[in-house]
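Taken in order, these protein sequences are the chains called G and W.
Per the numbering used here, the very first residue in the first sequence carries number 1; after that it's consecutive.
Per the numbering used here, the very first residue in the second sequence carries number 287; after that it's consecutive.
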Amino acid sequence: MTGSLASRAGVRQAGWLLAPALVWMGLFFVLPLLIVLLISFASRGAYGGVEWTFTLVNYRDLADPLYLWIYLRSCAFALATTGLCLCLGFPLAYYIARAPARWQGLWLMLVLVPFWTNFLVRTYAWMNVLRADGLLNRLLIATGFISEPVEILYTDLAVLIGLVYGYLPFMVLPLYAALERIDRSLIEAARDLYASGWTVFTRVIVPLAKPGIIAGCLLVFIPSLGAYITPDLLGGARSMMIGNFIQHEYLVVRDWPLGSAASFVLMAMVLVGMWGYQRTGGERPL
Amino acid sequence: MNQPGIELREVVKRHGSTVAVDHLSFSVRRGEFFSILGPSGSGKTTTLRLIAGFEHPDQGDILIDGQSLRDVPPNLRPVNMVFQHYALFPHLTVSGNIAFGLEMRGIVRAEIRSRVSTALDMVRLAGMGDRLPAQLSGGEQQRVALARALVNRPAVLLLDEPLGALDQQLRQEMQVELKTIQEQVGLTFICVTHHQEEALTMSDRVAVMDHGRVLQVGAPQEIYTAPASLFVAEFIGLSNRLDGRIAAVEGTRCRIEAPGLPIIQADAPAGAGPGRAVSVVLRPERLHMSQQAAPNGFDNVVPARVAKAVYNGHEMQYQLRIDERLLWTVRVPNADGGQKRFLPGDTVSVRWNADESVVLAQ
């Protein structure tokens with residue numbers, strides 16, 4: 001009896017601790033989100049305003065092949081980014097996790113160093129690297145791989161490079177956390193039980209790192225699906241992703257209802273994806 | 287049949303500037319239960335890891351059935367290991383863990399199933415095959431680790447402190463069980479332990495290691511009753527020690543002088559001459575206590591005072607002060623309940639025969 005009383009008191013205390021964050025999130029996140037949801041069912045006014053007449057036309061408009069193409073492209077970019085980040089991040093995270101303890105901190109810090117600089121500044125730096133007379137082209141010409149500068153900036157490749165660069169740390173950190181926890185003796189046990197290096201990887205390391213792999217993939221996939229700055233600066237006008245489309249509708253076309261609807265479809269895609277993953281029996285990733 | 291199951295030849299392994307294993311040589315016969323006993327840091331675990339292939343010798347060679355293992359990676363060695371903390375795969379069931387090695391070797395499904403179930407029966411875990419390691423007790427995990435190695439019928443089964451993580455009661459049960467299983471399957475076991483009782487109970491032969499070297503190899507009884515060095519004598523079991531000097535050698539006997547004590551009679555060690563500094567080692571259960579000072583048939587009689595008397599249930603353990611410097615332990619079994627016991631402060635005489643002590647060079 002005393003136990004349940006004590007725990008109830010504990011719950012009440014926890015409630016007070018939650019209040020500031022709840023108020024903040026309620027006022028500045030949930031409320032605006034509801035407003036956007038409302039706007040997505042409103043109509044566009046003649047001069048860019050919002051007319052409060054209920055309609056589903058915004059969502060129907062999004063089924064236009066042009067817009068569907070943008071969604072598909074965004075998904076493809078996000079998938080490719082996730083895949084590349086996993087391929088680059090896994091060996092890196094494994095190396096750090098198996099490095100001597102005193103080096104691990106240094107390696108992790110180096111992974112995080114880019115965050116010390118503003119993302120926009122770093123993206124401008126990438127523009128300088130990828131330009132026709134930029135570092136990359138000069139390097140390729142100097143080493144004789146190409147004779148003429150190739151167009152990299154303002155292509156899909158530039159967007160992909162930028163996205164992978166930007167989100168790699170989000171893949172490496174959860175992977176590192178999962179790999180670092182794997183007991184070295186499990187790998188030895190697998191070797192001892194006749195497993196080759198590759199089989200140890202597929203049968204022991206990958207299954208044990210699964211929570212980290214899933215967390216990393218979600219942390220990369222979700223933000224890269226809605227990426228805005230990278231495709232805007234590195235991709236130019238041709239390389240539109242959902243984020244740019246929403247920005248375009250809000251600020252250029254001033255069709256707030258369509259922009260709002262696009263935002264909610266993006267959110268729905270993410271949520272359905274996560275729900276589907278949990279339905280297939282995956283453990284809670286985040 | 288004289289061909290040894292496994293042989294180590296002059297194996298050397300350095301870790302940085304320290305020598306973990308120092309010109310180690312020994313061989314283990316097929317079907318033998320062989321223990322490597324030593325304090326932590328003696329190189330015994332390194333020896334096991336060298337045999338498993340997780341570490342490579344800097345010098346020397348390891349052979350199984352006459353075949354060198356020098357260039358054989360761990361996954362191709364006919365050796366399986368029971369790890370100290372079991373190293374069970376947490377994402378696989380008990381059956382999945384046991385089947386792992388068989389699956390890796392591409393054995394057909396039906397045979398895997400039957401061998402896994404036989405192995406489960408052998409370690410008394412029948413019906414537990416679908417559990418995950420996290421759902422098992424320490425003792426059960428230990429059995430799974432054993433089954434996972436046994437099921438592959440390796441030429442040599444390595445056990446790294448197999449009972450180290452178990453509590454006292456379970457440890458004693460498993461000592462007997464491990465030995466029984468080993469006899470049943472007839473495999474060669476090499477067991478590393480720092481626990482001397484474990485080594486004596488289970489093994490056919492024991493190697494005592496210190497500082498990367500083998501100090502003595504022999505049957506448990508030999509190691510206990512005829513230790514080859516002071517280190518072995520003091521590491522295995524409880525021993526009382528008396529330092530002195532050989533006064534005279536008469537045939538197989540010698541007389542030993544120790545300050546403040548009567549002349550001690552003992553079996554002469556090989557190559558002993560007068561003047562040599564020696565230690566007389568006496569096991570606590572080989573000493574006899576009585577209140578009379580008369581010799582009545584014993585070669586040695588030494589007066590002592592009882593400093594402490596501890597009742598252990600099955601025996602009395604006495605701490606005896608021989609003189610200012612010497613404190614000896616004597617064990618007297620409580621064979622009859624009403625036996626006369628000694629009390630702290632009693633003056634007693636301690637007696638033993640010459641052949642009940644071991645004389646070792648200092």
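The C-beta atom is built at its ideal place from N, Cα and C for all residues, glycine as well.
The beta carbon of Glu-180 (chain G) is closer than 7 Å to those of Ala-97 in its chain, skipping five residues each way along the sequence. Interface flag for Arg-429 (chain W) against chain G is unset, since no Cβ pair is found closer than 8 Å. When the alpha-carbon of Val-592 (chain W) is set against those of W:Arg-627, W:Ala-519, W:Pro-448 and W:Phe-340, the nearest one is in W:Arg-627. Between Ala-338 (chain W) and Arg-363 (chain W) the beta-carbon gap is near 7 Å, inside 8 Å, which marks them as a contact. Leu-310 (chain W) places its beta carbon 8 Å or farther from that of Leu-334 (chain W). Taking 3 residues as the minimum length, the beta strand (DSSP E) runs contained wholly in the stretch 542-576 of chain W are 550-553, 563-568 and 574-576, in order along the chain. When CB distances to chain W are screened at a threshold of 8 Å, the residues of the stretch 180-196 of chain G falling below it are Asp-183, Ser-185, Leu-186, Glu-188, Ala-189, Ala-190, Arg-191, Asp-192, Leu-193, Tyr-194, Ala-195 and Ser-196, in chain order. Leu-355 (chain W) and His-342 (chain W) have their C-alpha atoms spaced approximately 10 Å apart.
With respect to the 8 Å criterion, Ile-182 (chain G) and Val-200 (chain G) are not classified as neighbours on the basis of their beta carbons. By a beta-carbon distance limit of 8 Å, Glu-484 (chain W) does not contact Gln-370 (chain W). Their separation comes to about 13 Å.
C-alpha of Ile-214 (chain G) to C-alpha of Ala-519 (chain W): approximately 57 Å in a straight line. In terms of CA proximity to Pro-630 (chain W), W:Gln-603 leads the group W:Pro-545, W:Gln-603 and W:Ala-647. Shown here, Ser-489 (chain W) sits in coil according to DSSP, grouped into three states, outside any helix or strand.
Around the Cβ of Gln-428 (chain W), a 10 Å sphere holds 16 or more other Cβ atoms; the residue is buried. Contact of Thr-199 (chain G) with chain W is assigned, a C-beta pair being separated by under 8 Å. For Ala-534 (chain W), the closest of W:Leu-613, W:Ile-549, W:Pro-545 and W:Leu-486 by C-alpha to C-alpha distance is W:Ile-549. Beta-bridge partners of Ser-643 (chain W) (DSSP): W:Leu-568. Take the alpha-carbon of Pro-560 (chain W) and the one of Arg-527 (chain W): they are about 20 Å apart. Collapsing the DSSP output to three states places Gln-370 (chain W) in coil. Judged by DSSP in its simplified three-state form, Gln-247 (chain G) adopts helix. Comparing alpha carbon positions, the residue from G:Tyr-176, G:Leu-33 and G:Trp-126 closest to Ala-101 (chain G) is G:Tyr-176. A Cβ-Cβ separation of about 6 Å places Leu-406 (chain W) in contact with Ala-433 (chain W) under the 8 Å criterion.
Taken through DSSP and simplified to helix, strand or coil, Ile-608 (chain W) comes out as coil. Along the stretch 289-357 of chain W, the beta strand (DSSP E) occurs as fully enclosed runs of 3 or more residues at 292-301, 304-314, 319-323 and 345-350, listed in sequence order.
Membership of Phe-517 (chain W) in the alpha helix (DSSP H) is indicated by the continuous run 516-521.
Counting along the chain, Thr-615 (chain W) sits inside the beta strand (DSSP E) bounded by residues 613-619. Residue range 31-40 is occupied by the alpha helix (DSSP H) that includes Leu-37 (chain G). Burial state of Ala-306 (chain W) is buried, judged by a 10 Å Cβ sphere holding 16 or more other Cβ atoms. The distance from the Cβ of His-497 (chain W) to that of Asp-308 (chain W) is about 7 Å, consistent with a contact at the 8 Å cut-off. Per DSSP, reduced to three states, the secondary structure at Tyr-194 (chain G) is coil, with no helix or strand assignment.
With fewer than 16 other beta carbons inside 10 angstroms of its own, Glu-151 (chain G) counts as exposed. Sixteen is the threshold: since fewer than 16 other Cβ atoms of the shown chains lie within 10 Å of the Cβ of Trp-69 (chain G), the residue is exposed. Counting only Cβ-Cβ distances below 7 Å, His-377 (chain W) has contacts in chain G at Pro-207 and Leu-208, in chain order.
Across the structure, Ala-505 (chain W) and Thr-479 (chain W) are spaced so that their CA atoms are roughly 16 Å apart. Residue burial annotation: Thr-466 (chain W) is exposed, with fewer than 16 other C-beta atoms found within 10 angstroms of its C-beta. In the assembly as shown, Cys-87 (chain G) is an exposed residue. Its beta-carbon has fewer than 16 other beta-carbons within 10 Å.
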